[in-house]
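Chains as they are written, first to last, in our numbering: chain S, 24 to 326; chain P, 215 to 454. Cβ atoms here follow ideal geometry from the backbone N, Cα and C, with glycine treated the same way. One structure is given below, encoded as structure tokens.
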């Protein structure tokens with residue numbers, strides 16, 4: 024055999040050996056997960072019932088369970104026997120940097136998916152639809168947006184809700200004094216102690232706060248919504264289509280299956296830990312539609 | 215890092231409907247400055263009184279001063295902020311409590327009081343240190359000349375002590391200025407709160423906090439320049 028033939032054979036053998044590996048080459052988050060054998064889920068500590076700490080200080084919740092299913096799907100996609108799921112607490116201020124710098128791979132909570140935010144992060148299929156409403160003490164008799172004229176209103180700083188109520192205040196000239204609170208618990212406390220007349224927030228979070236309060240019957244949630252339905256999505260890193268495809272497929276399959284509906288009912292219509300409160304929030308028509316046809320659109324008009 | 219930088223964000227209109235994001239941060243800066251100055255007035259006045267009490271020969275005055283200092287400097291500032299804001303109105307008579315809660319700009323007044331009382335404890339310790347650093351002979355000489363104790367402090371001890379503690383007092387003022395950011399937890403729309411709001415609306419986290427950092431640094435440099443000038447102006451000619 025000539026030397027040149029031997030070299031050719033060797034070259035062929037090498038290329039044959041490496042070709043399949045190259046075809047499967049992973050990039051972005053999938054590669055990172057494969058290399059480290061771990062996927063990191065960012066959870067919130069007080070977003071009931073989406074992602075919060077139960078009585079044993081363990082994260083639980085509707086969005087959190089969806090993320091665990093996604094982690095399973097990623098494990099199956101990578102054909103691994105084990106995949107470590109690491110947990111990392113996030114706040115509304117830390118979630119973007121932690122997604123961007125790769126500390127967390129999935130953000131599971133109640134993060135609104137909108138066009139502005141898509142410049143900085145990607146979102147998978149919508150797992151919940153909410154609208155902005157307000158809660159007030161029943162005795163104050165506030166029910167419509169116009170009832171808030173000249174009132175002191177609180178909302179959580181850095182949410183889309185405080186932005187909407189600011190816009191409504193300016194547009195309609197209601198002369199509300201809008202106070203920002205550090206978190207939902209503090210904002211609700213301000214209504215409870217009378218520092219604010221109403222707390223403007225996503226209706227589902229208000230339902231949770233009311234259900235968990237000392238006197239749930241003393242509070243009423245407004246019938247008029249201050250926004251169109253707003254999609255909540257699980258947040259991913261931007262510009263990572265391979266990972267997004269896996270997550271989208273996993274969430275779509277889950278939402279369309281009976282398991283998705285069961286998951287919804289578990290967290291929204293039955294008593295949930297830690298104190299066994301029941302949100303009594305049956306699946307809305309819009310929600311049923313979005314589960315039948317999963318969508319990751321940030322446009323409220325699409326729902 | 216997959217982050218999309220957008221430094222032009224400051225000139226985009228903020229969703230609050232009043233000006234751009236830059237205006238939003240500057241309004242936060244104005245609240246920060248107002249809170250810092252007002253609380254410093256309380257801190258300096260009260261701190262001086264407590265500091266003097268701790269150097270008086272009276273046991274009772276000493277005990278009151280010590281209790282004040284230990285109480286206010288050993289409770290975390292964040293907890294104090296919550297106590298002032300949420301607990302105090304509940305302890306007042308019902309009507310007064312409601313009036314306090316409905317007061318416009320309640321977070322501002324609360325933050326000023328809370329920071330003032332907190333920083334006063336720290337100023338008191340520095341005033342005490344300044345007074346203690348003076349030779350004992352000064353007090354004795356002043357009293358022997360027939361000055362009352364009040365006159366001794368007013369004309370002999372305090373003018374010297376303040377000159378000595380001016381550098382650490384400047385640090386204390388800067389701390390007080392930065393501590394105003396804790397007031398965001400009770401809803402004061404100061405600089406850090408505005409930077410946080412900006413990052414929530416726009417998701418441009420790093421731009422927002424970079425701007426806030428630069429504003430804090432610039433503000434502190436102005437304070438330091440002012441303190442240096444003051445130090446030069448009040449220096450005793452030929453003194454230390």
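Residue-level contact to chain P via CB, residue i, 7 Å cutoff
{"i": "residue 312 of chain S", "result": "no"}
{"i": "residue 205 of chain S", "result": "yes"}
{"i": "residue 221 of chain S", "result": "no"}
{"i": "residue 136 of chain S", "result": "no"}
{"i": "residue 121 of chain S", "result": "no"}
{"i": "residue 164 of chain S", "result": "no"}
{"i": "residue 196 of chain S", "result": "no"}
{"i": "residue 298 of chain S", "result": "no"}
{"i": "residue 156 of chain S", "result": "no"}
{"i": "residue 218 of chain S", "result": "yes"}
{"i": "residue 301 of chain S", "result": "no"}
{"i": "residue 44 of chain S", "result": "Only weak support is given to the placement of residue 44 of chain S: the predicted model assigns it a pLDDT of 46, under 50, and the value that follows is read from those uncertain coordinates. Closer than 7 Å: no."}
{"i": "residue 316 of chain S", "result": "no"}
{"i": "residue 124 of chain S", "result": "yes"}
Spatial neighbours of residue i in its chain, beta-carbon cut-off 7 Å, leaving aside the 5 residues before and after
{"i": "residue 234 of chain S", "result": "300, 301, 302"}
{"i": "residue 426 of chain P", "result": "239, 405, 406, 409"}
{"i": "residue 278 of chain P", "result": "267"}
{"i": "residue 311 of chain S", "result": "none"}
{"i": "residue 236 of chain P", "result": "224, 225"}
{"i": "residue 76 of chain S", "result": "68, 82"}
{"i": "residue 163 of chain S", "result": "220"}
Neighbourhood of residue i by C-beta, 6 Å cutoff - its chain only, sequence neighbours within 5 removed
{"i": "residue 438 of chain P", "result": "none"}
{"i": "residue 73 of chain S", "result": "84, 85, 86, 132, 133"}
{"i": "residue 263 of chain S", "result": "51, 52"}
{"i": "residue 415 of chain P", "result": "229"}
{"i": "residue 115 of chain S", "result": "181"}
{"i": "residue 251 of chain S", "result": "323"}
{"i": "residue 423 of chain P", "result": "409"}
Any C-beta of chain S under 7 Å from that of residue i
{"i": "residue 401 of chain P", "result": "yes"}
{"i": "residue 421 of chain P", "result": "no"}
{"i": "residue 215 of chain P", "result": "yes"}
{"i": "residue 410 of chain P", "result": "yes"}
{"i": "residue 224 of chain P", "result": "no"}
{"i": "residue 414 of chain P", "result": "yes"}
{"i": "residue 315 of chain P", "result": "yes"}
{"i": "residue 417 of chain P", "result": "yes"}
{"i": "residue 424 of chain P", "result": "no"}
{"i": "residue 456 of chain P", "result": "Any answer about residue 456 of chain P is impossible in this case: the structure gives chain P only from 215 up to 454."}
One or two residues paired with residue i in a DSSP bridge
{"i": "residue 178 of chain S", "result": "S:203"}
{"i": "residue 135 of chain S", "result": "S:255"}
{"i": "residue 130 of chain S", "result": "S:65, S:258"}
{"i": "residue 225 of chain S", "result": "S:155"}
{"i": "residue 108 of chain S", "result": "S:62"}
{"i": "residue 82 of chain S", "result": "S:76"}
{"i": "residue 243 of chain S", "result": "S:159"}
{"i": "residue 300 of chain S", "result": "S:295"}
{"i": "residue 146 of chain S", "result": "S:258"}
{"i": "residue 234 of chain P", "result": "P:227"}
{"i": "residue 70 of chain S", "result": "S:74"}
Rounded distance between the beta-carbons of residue j and residue i, thought under 8 Å
{"i": "residue 340 of chain P", "j": "residue 400 of chain P", "result": "Actually they are not in contact, since the Cβ atoms of residue 340 of chain P and residue 400 of chain P sit about 27 Å apart, beyond 8 Å."}
{"i": "residue 345 of chain P", "j": "residue 269 of chain P", "result": "5 Å"}
{"i": "residue 130 of chain S", "j": "residue 258 of chain S", "result": "4 Å"}
{"i": "residue 326 of chain P", "j": "residue 256 of chain P", "result": "7 Å"}
{"i": "residue 323 of chain S", "j": "residue 253 of chain S", "result": "6 Å"}
{"i": "residue 253 of chain P", "j": "residue 329 of chain P", "result": "4 Å"}
{"i": "residue 317 of chain S", "j": "residue 146 of chain S", "result": "That belief does not hold up - the Cβ atoms of residue 317 of chain S and residue 146 of chain S are roughly 12 Å apart, past 8 Å."}
{"i": "residue 67 of chain S", "j": "residue 417 of chain P", "result": "With a Cβ gap of about 17 Å, residue 67 of chain S and residue 417 of chain P do not count as contacting."}
{"i": "residue 371 of chain P", "j": "residue 348 of chain P", "result": "6 Å"}
{"i": "residue 57 of chain S", "j": "residue 101 of chain S", "result": "5 Å"}
Beta-carbon proximity list for residue i, same chain, < 8 Å, skipping 5 on both sides
{"i": "residue 177 of chain S", "result": "201, 202, 203, 204, 210, 213, 214, 218, 219, 221, 222, 223"}
{"i": "residue 261 of chain P", "result": "333, 334, 335, 336, 337, 338, 340, 341"}
{"i": "residue 189 of chain S", "result": "201"}
{"i": "residue 199 of chain S", "result": "171, 172, 173, 174, 175, 176, 188, 192"}
{"i": "residue 283 of chain P", "result": "264, 268, 335, 338, 339"}
{"i": "residue 388 of chain P", "result": "434, 437, 438"}
Chain-ordered chain A contacts of residue i [CB-CB under 8 Å]
{"i": "residue 407 of chain P", "result": "Of the protein chains in the structure, S and P, none is chain A."}
Contact list for the segment 177 to 188 of chain S against chain P, Cβ threshold 9 Å: Here the close residues are 177, 180, 181, 182, 183, 185, 186, 187.
Residues of the segment 246 to 264 of chain S whose Cβ lies closer than 9 Å to any Cβ of chain P, in chain order: 260, 261, 262, 263
Positions along the segment 65 to 77 of chain S whose CB lies within less than 8 Å of some CB in chain P: Residues of the segment 65 to 77 of chain S whose Cβ lies closer than 8 Å to any Cβ of chain P: none.
Chain P contacts from the segment 139 to 152 of chain S (Cβ-Cβ distance under 8 Å): Going along the segment 139 to 152 of chain S in chain order, one finds 139, 140, 142, 143, 144 with a Cβ nearer than 8 Å to chain P.
The segment 107 to 120 of chain S: positions lying closer than 7 Å to chain P by Cβ: 115, 116, 119, 120
Interface residues of the segment 318 to 335 of chain P facing chain S [CB-CB below 8 Å]: 318, 320, 321
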